[in-house]
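Report on one structure; see the data block that follows.
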Amino acid sequence: MNLLKKFFETDAGLNNPSKSIKTIAKAIYWLWLIMGVFGFLYSIIGIFQDGEIWYLFLGILFLLLGKLMGWLSSLGLRCFAIILESHEKHLKVE
Numbered sequence: 094m095n096l097l098k099k100f101f102e103t104d105a106g107l108n109n110p111s112k113s114i115k116t117i118a119k120a121i122y123w124l125w126l127i128m129g130v131f132g133f134l135y136s137i138i139g140i141f142q143d144g145e146i147w148y149l150f151l152g153i154l155f156l157l158l159g160k161l162m163g164w165l166s167s168l169g170l171r172c173f174a175i176i177l178e179s180h181e182k183h184l185k186v187e
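Mapping to the working numbering: the sequence shown position 26 is 119, numbers consecutive.
Set out below in C-alpha cells:
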C-alpha cells in the first residue's frame with residue numbers, strides 16, 4: 094500500500110523546485126553555447142565552400158550571440174529560482 098501511495102503522491106520531487114530550475118538554467122546555457130559553436134563551424138565550412146571572408150564575421154557573431162543568449166536566458170531563470178527559493182524559505186519558517 095505504501096508503494097501505491099508513493100506512486101500517486103503529487104508533491105514527489107518538489108521539495109526544492111529552485112534547485113531544479115537552476116539545473117535547467119545551466120542546461121539551457123550550455124545549449125546556447127553549443128548552438129553558437131555549431132553556427133561558427135557552419136560558417137567556417139561556408140568559408141571553404143564559397144571562399145568569402147564575411148562568413149568569418151558571421152561565425153564570430155554566432156559565437157557572441159550564443160554566449161549572450163545563453164547568459165540572458167540563464168540569468169532570467171536563475172532570478173526566478175532566487176525568488177522561488179526565498180518563498181521556499183518563507184514557507185518553511187511558518
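Cβ atoms here follow ideal geometry from the backbone N, Cα and C, with glycine treated the same way.
Residue i by DSSP, collapsed to three states: which one?
i: I146; result: coil
Determine whether the beta carbon atoms of residue i and residue j lie at a separation below 8 Å.
i: S166; j: Y122; result: yes
i: S136; j: G152; result: yes
i: E181; j: S111; result: yes
i: F133; j: F150; result: no
i: L177; j: A118; result: no
Going by Cα to Cα distance, which pick from the options is closest to residue i?
i: L161; options: L124, K115 and I117; result: L124
i: I127; options: Y148, G139, W164 and H183; result: W164
i: T116; options: H183, A174 and L184; result: A174
Examine the ligand COA and report whether any of its heavy atoms sits within less than 7 Å of the Cβ of residue i.
i: L165; result: Within the structure as shown, the ligand COA is missing, as the structure has no ligands at all.
Exercise for the section: May I have a chain-ordered list of the alpha helix (DSSP H) segments no shorter than 4 residues that lie completely inside the segment 107-168? Expected result: 110-143
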